[in-house]
Amino acid sequence: MAASSERSPPPFPDSEEPELLEDSDEEADAFTGTSISEMDSPSPDSTRPPKDIFNEPPEDIFSDPLSNINSEPQKKVDAKIPSPSSDEAVDLFSDPLDDDSEVMSSPEVQNPMPDLLNEPVEAPKSDSSSKSSSVKKAASAEMFGDDDDEEDLFKEPPKVVTKKPQPSGPPVDVFTEVKSDVKVKPQVKDDPTDLFAEEALTAPAPKPSSGSSSSRTNGVHSEEQDLFSEATVELSLDSPCNDRKNKEAVKPSVSAPAAPVASSSSKAPSKSLEELEEEESEDKFDLNISITNPEKVGDGMNAYMAYKVSTQTSLTMFRSKTFTVRRRFSDFLGLFEKLSEKHSQNGYLIPPPPEKSILGMTKVKVGKEDPSSAEFVERRRAALERYLQRVVSHPSLLQDPDVREFLEKEELPRAVSTQALSGAGFLKMLNKATDAVSKMTIKMNEQDVWFDEKIQDVENEEQHLRKLHVMVESLVNHRKELSGNTAVFAKSVAMLGSSEDNTALSRALSQLAEVEDRIEQLHQEQASNDFFTFSELLADYIRLLGAVRGCFDQRMKAWQRWQDAENMLQKKREAEAKLLWANKPDKLQQAKDEITEWEAKVTQYEREFERISATVRKEVIRFDKEKARDFNRQVIKYLESLLHSQQQLIKYWDAFLPEAKAIV
Amino acid sequence: MKKNVYSYSSCILETLPLRVQQSSFSSTFPGKRLGQAAWSSEGFGSHWVRSVSVDLNNDASLVIDIPDALCERDKVKFTVHTKTTLSSFQKPEFSVPRQHEEFIWLHDTIVETEEYAGLIIPPAPPKPDFEGPREKMHKLGEGESSMTKEEYAKMKQELEAEYLAVFKKTVQVHEVFLQRLSSHPIFRKDRNFQIFLEYDQDLSVRRKNAKEMFGGFFKNMVKSADEVLISGVKEVDEFFEQEKTFLLDYSSKIKDASAKAEKMTRSHKNVADDYNHISGALNSTAADNNTAFKKHLEKYAEVFEKLRKLEDRVASDQELKLTELLRYYTRDIQAAKDLLYRRARALADNENSNKALDKARLKGKDIAQAEENQKQCLQKFDKLSESGKKELTSFKARRVVAFRKNLIEMTELEIKHAKVRRLKCCVYHYMFTRQCSGSHGKPGNMREF
Numbered sequence: 000m001a002a003s004s005e006r007s008p009p010p011f012p013d014s015e016e017p018e019l020l021e022d023s024d025e026e027a028d029a030f031t032g033t034s035i036s037e038m039d040s041p042s043p044d045s046t047r048p049p050k051d052i053f054n055e056p057p058e059d060i061f062s063d064p065l066s067n068i069n070s071e072p073q074k075k076v077d078a079k080i081p082s083p084s085s086d087e088a089v090d091l092f093s094d095p096l097d098d099d100s101e102v103m104s105s106p107e108v109q110n111p112m113p114d115l116l117n118e119p120v121e122a123p124k125s126d127s128s129s130k131s132s133s134v135k136k137a138a139s140a141e142m143f144g145d146d147d148d149e150e151d152l153f154k155e156p157p158k159v160v161t162k163k164p165q166p167s168g169p170p171v172d173v174f175t176e177v178k179s180d181v182k183v184k185p186q187v188k189d190d191p192t193d194l195f196a197e198e199a200l201t202a203p204a205p206k207p208s209s210g211s212s213s214s215r216t217n218g219v220h221s222e223e224q225d226l227f228s229e230a231t232v233e234l235s236l237d238s239p240c241n242d243r244k245n246k247e248a249v250k251p252s253v254s255a256p257a258a259p260v261a262s263s264s265s266k267a268p269s270k271s272l273e274e275l276e277e278e279e280s281e282d283k284f285d286l287n288i289s290i291t292n293p294e295k296v297g298d299g300m301n302a303y304m305a306y307k308v309s310t311q312t313s314l315t316m317f318r319s320k321t322f323t324v325r326r327r328f329s330d331f332l333g334l335f336e337k338l339s340e341k342h343s344q345n346g347y348l349i350p351p352p353p354e355k356s357i358l359g360m361t362k363v364k365v366g367k368e369d370p371s372s373a374e375f376v377e378r379r380r381a382a383l384e385r386y387l388q389r390v391v392s393h394p395s396l397l398q399d400p401d402v403r404e405f406l407e408k409e410e411l412p413r414a415v416s417t418q419a420l421s422g423a424g425f426l427k428m429l430n431k432a433t434d435a436v437s438k439m440t441i442k443m444n445e446q447d448v449w450f451d452e453k454i455q456d457v458e459n460e461e462q463h464l465r466k467l468h469v470m471v472e473s474l475v476n477h478r479k480e481l482s483g484n485t486a487v488f489a490k491s492v493a494m495l496g497s498s499e500d501n502t503a504l505s506r507a508l509s510q511l512a513e514v515e516d517r518i519e520q521l522h523q524e525q526a527s528n529d530f531f532t533f534s535e536l537l538a539d540y541i542r543l544l545g546a547v548r549g550c551f552d553q554r555m556k557a558w559q560r561w562q563d564a565e566n567m568l569q570k571k572r573e574a575e576a577k578l579l580w581a582n583k584p585d586k587l588q589q590a591k592d593e594i595t596e597w598e599a600k601v602t603q604y605e606r607e608f609e610r611i612s613a614t615v616r617k618e619v620i621r622f623d624k625e626k627a628r629d630f631n632r633q634v635i636k637y638l639e640s641l642l643h644s645q646q647q648l649i650k651y652w653d654a655f656l657p658e659a660k661a662i663v
Numbered sequence: 000m001k002k003n004v005y006s007y008s009s010c011i012l013e014t015l016p017l018r019v020q021q022s023s024f025s026s027t028f029p030g031k032r033l034g035q036a037a038w039s040s041e042g043f044g045s046h047w048v049r050s051v052s053v054d055l056n057n058d059a060s061l062v063i064d065i066p067d068a069l070c071e072r073d074k075v076k077f078t079v080h081t082k083t084t085l086s087s088f089q090k091p092e093f094s095v096p097r098q099h100e101e102f103i104w105l106h107d108t109i110v111e112t113e114e115y116a117g118l119i120i121p122p123a124p125p126k127p128d129f130e131g132p133r134e135k136m137h138k139l140g141e142g143e144s145s146m147t148k149e150e151y152a153k154m155k156q157e158l159e160a161e162y163l164a165v166f167k168k169t170v171q172v173h174e175v176f177l178q179r180l181s182s183h184p185i186f187r188k189d190r191n192f193q194i195f196l197e198y199d200q201d202l203s204v205r206r207k208n209a210k211e212m213f214g215g216f217f218k219n220m221v222k223s224a225d226e227v228l229i230s231g232v233k234e235v236d237e238f239f240e241q242e243k244t245f246l247l248d249y250s251s252k253i254k255d256a257s258a259k260a261e262k263m264t265r266s267h268k269n270v271a272d273d274y275n276h277i278s279g280a281l282n283s284t285a286a287d288n289n290t291a292f293k294k295h296l297e298k299y300a301e302v303f304e305k306l307r308k309l310e311d312r313v314a315s316d317q318e319l320k321l322t323e324l325l326r327y328y329t330r331d332i333q334a335a336k337d338l339l340y341r342r343a344r345a346l347a348d349n350e351n352s353n354k355a356l357d358k359a360r361l362k363g364k365d366i367a368q369a370e371e372n373q374k375q376c377l378q379k380f381d382k383l384s385e386s387g388k389k390e391l392t393s394f395k396a397r398r399v400v401a402f403r404k405n406l407i408e409m410t411e412l413e414i415k416h417a418k419v420r421r422l423k424c425c426v427y428h429y430m431f432t433r434q435c436s437g438s439h440g441k442p443g444n445m446r447e448f
């Protein structure tokens with residue numbers, strides 16, 4: 000069902016937007032007075048009406064379905080879902096309403112209103128009435144509501160669970176419910192468990208009656224897309240330049256035909272525009288880097304892999320918009336070396352490149368078309384890509400001429416330091432060892448509570464991530480094992496099928512073997528998804544946390560320098576005092592000069608320390624933000640991959656079911 | 000078939016890991032009763048599923064089930080509940096406590112009864128095997144000090160799930176054995192069977208002693224040696240000839256498939272366990288984090304916890320529907336093979352008696368006795384052949400029905416689970432997408448720092 004829509008939400012949302020707008024229109028119908036008045040006051044209270052409104056319309060549909068449907072063609076989409084199973088649907092929809100009343104009465108829950116609801120409600124209205132001022136209001140209201148919004152996700156309104164009705168056709172009903180929940184944001188968090196329980200409560204194989212099933216499926220489709228579209232819409236409206244964007248987002252959807260499906264094509268361009276803007280506003284630059292075409296260059300032990308680094312940008316600092324260079328692994332390492340040399344003492348967080356792997360590379364050099372070496376190359380390619388993306392997404396590093404050169408220049412001088420990799424690695428290790436010793440000897444009494452906590456946190460987190468990484472690796476291995484065992488079982492079942500003397504059963508068994516074969520494939524894919532989206536992410540962050548600790552060390556070094564200077568100054572002062580005591584005016588002048596010199600140094604070092612502290616702090620905050628975003632992105636990706644495999648599973652088993660039923 | 004639901008009092012494992020040091024399983028599952036509540040109370044398991052079904056006739060005159068079981072030390076005490084309209088029983092409804100050994104005794108007496116030689120004797124239920132959970136328990140006890148609270152809780156959860164699964168399976172397989180007997184027109188009238196059902200005292204079946212064990216082993220040896228010999232005997236009946244080749248072939252195949260399925264489900268369980276561990280690790284990561292990221296981590300942990308539950312259910316349903324089916328029919332086919340063996344023996348006896356008669360005639364003495372013997376052997380053989388043919392035919396039908404039922408049920412469950420998982424993924428996906436778009440690039444987010 001709608002596999003593609005789930006995997007790649009962006010293409011679809013357009014079709015849904017009209018519906019969103021529709022909803023808001025309904026609301027206007029129902030609650031014209033309140034919503035407008037509330038809208039004009041940009042206080043958190045403005046979040047109220049949308050919620051109301053979103054709950055109301057479904058209710059409306061049931062109370063007088065005819066008039067509503069007629070007046071609003073869009074509603075059909077909504078009405079379609081509940082109609083086949085009206086009882087449950089009514090419950091479903093009325094339920095959030097109950098909830099709502101509760102929500103209304105308790106101010107803390109009511110306060111955090113998701114901007115998602117705000118936007119579509121207000122945006123269209125403002126557009127239709129051409130009041131751009133209200134758009135601004137919407138934007139500001141959204142800003143207000145936003146911080147709460149996130150917490151809200153995690154809040155659990157406990158009442159919902161008990162109240163939920165029992166739907167009879169789980170997949171469909173559950174989806175409709177999701178929808179209702181989408182509208183009543185505070186429930187989202189709670190919803191999963193709830194849905195789950197419901198699903199379990201129903202009979203093992205609840206089949207909706209055949210007559211209604213088709214229309215239901217339609218409903219489900221639209222719902223699913225709805226889910227994502229709303230999300231995407233929000234995403235696009237989310238950036239700081241709300242005002243302008245709102246207009247842009249709204250215009251096409253309003254001009255689009257009422258039918259959601261038909262609108263998709265007309266909306267496409269605006270979508271891309273939004274995306275562009277989003278990137279600009281979020282990252283303040285537009286730079287896409289991809290690494291492709293890993294290629295073996297040369298033969299034997301001198302062979303190396305070359306990667307195609309393609310850049311796409313609109314930044315003026317580059318000579319053209321798109322350009323491609325070929326780089327080898329050591330070039331990447333060289334870039335890292337250069338950047339660290341220049342920037343690490345300033346407290347910048349230099350993203351670490353993937354480690355050199357002699358074993359893996361030797362395999363690639365020696366082995367021909369070995370799947371494990373192919374995996375190795377792909378793994379490295381992906382890691383390098385992530386590495387480069389991290390480098391360029393750092394605003395300061397992007398400005399570095401070496402980065403630009405790396406991306407742009409046709410020929411790069413050979414990175415020497417990494418060539419004798421074992422030597423360099425050894426040196427590095429030595430450096431690290433001395434660092435560790437000095438770290439132990441330096442007893443920094445931390446004045447800054449923030450740093451004190453952060454350093455501890457980072458260390459803990461690294462530990463945890465390491466542990467987690469081990470577990471994810473074990474998941475990958477177990478999944479591979481499962482895949483292998485499934486394959487073996489498939490063969491065995493096929494054999495059993497060939498021995499079976501009942502024709503239909505024999506056929507079913509060989510079909511089962513085929514299904515298991517496909518499932519084996521799925522497991523395998525999933526295993527690589529486990530690895531690439533999850534395990535590699537953790538590996539990256541373990542490395543990055545190491546780099547973060549490096550930043551802390553840099554800061555400590557700066558502190559040490561400052562303290563040393565402070566001590567020196569102290570000594571000089573003492574010396575001066577001694578000289579004074581000894582009454583040696585000839586040397587006094589020199590001592591005084593030295594004191595001024597060291598005083599200057601102390602101030603300089605102190606300033607440097609303060610600067611580096613500020614930088615590190617900024618870097619760590621940025622890192623944390625990036626991390627959260629990265630994890631979220633990867634988890635989403637991971638869920639998408641799971642979604643895909645479930646989709647496939649359903650397909651396979653659905654196809655098998657008639658075979659099983661055909662056994663006589 | 001009546002759908003009976005087992006439960007497990009929630010307290011059963013509450014106290015569980017407290018006394019693991021003795022590493023005796025018995026002390027940790029001390030006499031907890033599996034009462035009348037429902038598995039479904041666990042939140043999702045409303046699909047109490049029967050792995051193997053044998054009910055060919057829906058005859059209500061003798062209905063047996065095991066509504067309740069008690070785990071005591073190494074033993075499991077089953078409550079065997081009977082409802083009947085047959086006059087051979089004193090009461091229309093009664094329950095007796097029975098142990099696994101008594102089931103084995105019943106099976107053995109039936110096997111030893113001469114007149115049942117022509118019947119496929121329902122395979123005896125395998126011995127309750129709590130090795131898996133016991134091993135885990137051991138690990139849990141050992142690692143208790145070194146584990147974090149989360150890990151410990153996760154382990155306990157795994158243990159509970161596994162223990163339950165094993166228990167469920169054990170009860171079921173015993174029940175099926177009795178139901179097969181009760182649904183068979185001849186076995187249901189068996190005196191020993193009726194005693195087994197009715198006699199409310201201990202049957203005082205002792206465990207086999209060493210000698211008997213050895214005897215049994217010896218018997219098996221003789222049997223397999225015999226089998227080789229007998230396979231040399233020329234088959235007179237084409238039906239049996241065919242059955243023999245089929246069963247021999249099928250038996251090895253199904254044995255293989257069953258082993259492979261077991262392996263597959265086990266690795267599936269491992270995957271579920273990994274999810275569990277990941278969820279635990281994420282939780283402990285979240286516990287040490289005090290930025291905005293904490294909530295995300297908790298969320299991820301929740302996702303993986305959900306995934307574990309779902310994956311676990313998939314694995315256990317697969318086990319119950321597929322692996323158990325294959326396992327059961329591996330045993331049942333062995334029983335059918337035993338029937339063929341007995342028949343082949345009778346055939347060999349028959350031939351020998353023929354020879355003896357010829358010899359007697361040649362020698363001119365003991366002709367009457369030899370004739371009598373030959374007649375008996377022939378009669379026995381014919382009878383055996385006839386009932387064997389009937390049994391094997393019905394066996395085939397039963398097998399096909401059972402496979403059909405299980406495959407359908409399994410497929411439906413797979414679809415259902417996949418749909419639930421898909422839904423979960425959708426919901427979480429939506430949530431995270433929302434969160435993702437809502438959380439970055441906003442001043443609100445910086446507040447935390």
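These protein sequence lines map, in sequence, to chains U and Z. Residue numbering for the first sequence follows numbering that gives the first Met the number 0, starting at 0 and increasing by one per position. Residue numbering for the second sequence follows numbering that gives the first Met the number 0, starting at 0 and increasing by one per position. Built from N, CA and C at the ideal position, the CB exists for glycine as well. This structure is a prediction, so every number in the text was calculated from the model and none was measured.
Go to Ile290 of chain U, then tell me how far its beta strand (DSSP E) extends in each direction, as first and last residue. Here the beta strand (DSSP E) through Ile290 of chain U covers 286-296.
Given a threshold of 16 other Cβ atoms within 10 Å of its Cβ, counted over all protein chains shown, does Thr264 of chain Z qualify as buried or as exposed? Looking at its Cβ environment, which holds 16 or more other Cβ atoms inside 10 Å, Thr264 of chain Z is buried.
Would you call Gly346 of chain U buried or exposed, if buried means 16 or more other Cβ atoms sit within 10 Å of its Cβ? Buried: at least 16 other Cβ atoms inside 10 Å.
Use the C-beta contact count for Pro657 of chain U: other C-beta atoms within 10 angstroms, 16 or more gives buried, fewer gives exposed. Pro657 of chain U is exposed by the Cβ-count criterion.
Cβ-based burial, Ser87 of chain Z [other Cβ within 10 Å; buried from 16]: Exposed is the call here.
Report the three-state DSSP secondary structure of Asp97 of chain U (helix, strand or coil). Only weak support is given to the placement of Asp97 of chain U: the predicted model assigns it a pLDDT of 39, under 50, and the value that follows is read from those uncertain coordinates. Correct three-state label for Asp97 of chain U: helix.
Can you pull the chain Z residues whose beta carbon is under 8 angstroms from the beta carbon of Glu460 of chain U, in chain order? The answer, in chain order, is Thr284, Asp287, Asn288.
Starting from the C-beta of Asn501 of chain U, find all residues in its chain whose C-beta is less than 7 angstroms away, skip the five residues before and the five after it, and write them out in chain order. Close CB contacts of Asn501 of chain U within its chain, under the 7 angstroms cut and outside five residues either way in sequence, are absent.
Buried or exposed for Lys591 of chain U, please, with buried defined as at least 16 other CB atoms from any protein chain shown within 10 angstroms of its CB. Lys591 of chain U is exposed by the Cβ-count criterion.
For Glu149 of chain Z, does the three-state DSSP call read helix, strand or coil? The three-state secondary structure of Glu149 of chain Z, taken from DSSP, is helix.
If you measure from the beta carbon of Ser343 of chain U to each beta carbon in chain Z, is any gap under 7 angstroms? Not closer than 7 angstroms to any Cβ of chain Z, the Cβ of Ser343 of chain U fails to qualify, so no.
Taking 7 angstroms as the CB-CB cut-off, is Asp623 of chain U touching chain Z? Yes - at least one Cβ of chain Z is within 7 angstroms of the one on Asp623 of chain U.
Nearest to Glu261 of chain Z by alpha carbon, out of Z:Leu406, Z:Glu111, Z:Pro132, Z:Ser315? Per the Cα distances, Z:Ser315.
Look at the Cβ atom of Asp273 of chain Z, then the Cβ atom of Glu157 of chain Z, and state whether they are nearer than 7 angstroms. No, the pair does not count as a contact, with Cβ atoms beyond the cut-off.
In its own chain, which residues sit with a C-beta less than 7 angstroms from the C-beta of Gly496 of chain U, not counting the 5 before and 5 after it? Apart from sequence neighbours up to five positions away, the residues of its chain that approach Gly496 of chain U with a beta-carbon distance below 7 angstroms are Ser505, Leu508, Ser509, Ala512, ordered along the chain.
Near Glu565 of chain U, what residues of its chain come up, given a Cβ to Cβ distance below 7 angstroms and the 5 sequence neighbours on each side ignored? Excluding positions up to five away in sequence, the list reads Val601.
Suppose you measure from the CA of Lys556 of chain U to the CA of Arg421 of chain Z; what does that come to, to the nearest Å? The C-alpha of Arg421 of chain Z is placed about 51 angstroms away from the C-alpha of Lys556 of chain U.
Is the separation between the beta-carbon of Ile407 of chain Z and that of Ala659 of chain U shorter than 7 angstroms? Yes. Within cutoff.
So, with DSSP's three-state summary, where would you put Leu118 of chain Z? Three-state DSSP puts Leu118 of chain Z in coil, outside helix and strand.
Could you check how far apart the C-beta atoms of Leu325 of chain Z and Ala401 of chain Z are, in whole angstroms? I think they sit under 8 angstroms. Cβ-Cβ separation between Leu325 of chain Z and Ala401 of chain Z: approximately 11 angstroms, too far for a contact (criterion under 8 angstroms).
Quick check on this structure: which residue in Z:Phe192, Z:Thr112, Z:Glu197, Z:Phe245 has the alpha carbon closest to the alpha carbon of Leu391 of chain Z? Of the listed residues, the one whose Cα sits closest to Leu391 of chain Z is Z:Phe245.
Under 8 angstroms, with one C-beta from each stretch per pair, do the segment 179-189 of chain Z and the segment 107-120 of chain Z reach the 3-pair mark? Result yes; three or more Cβ-Cβ pairs closer than 8 angstroms.
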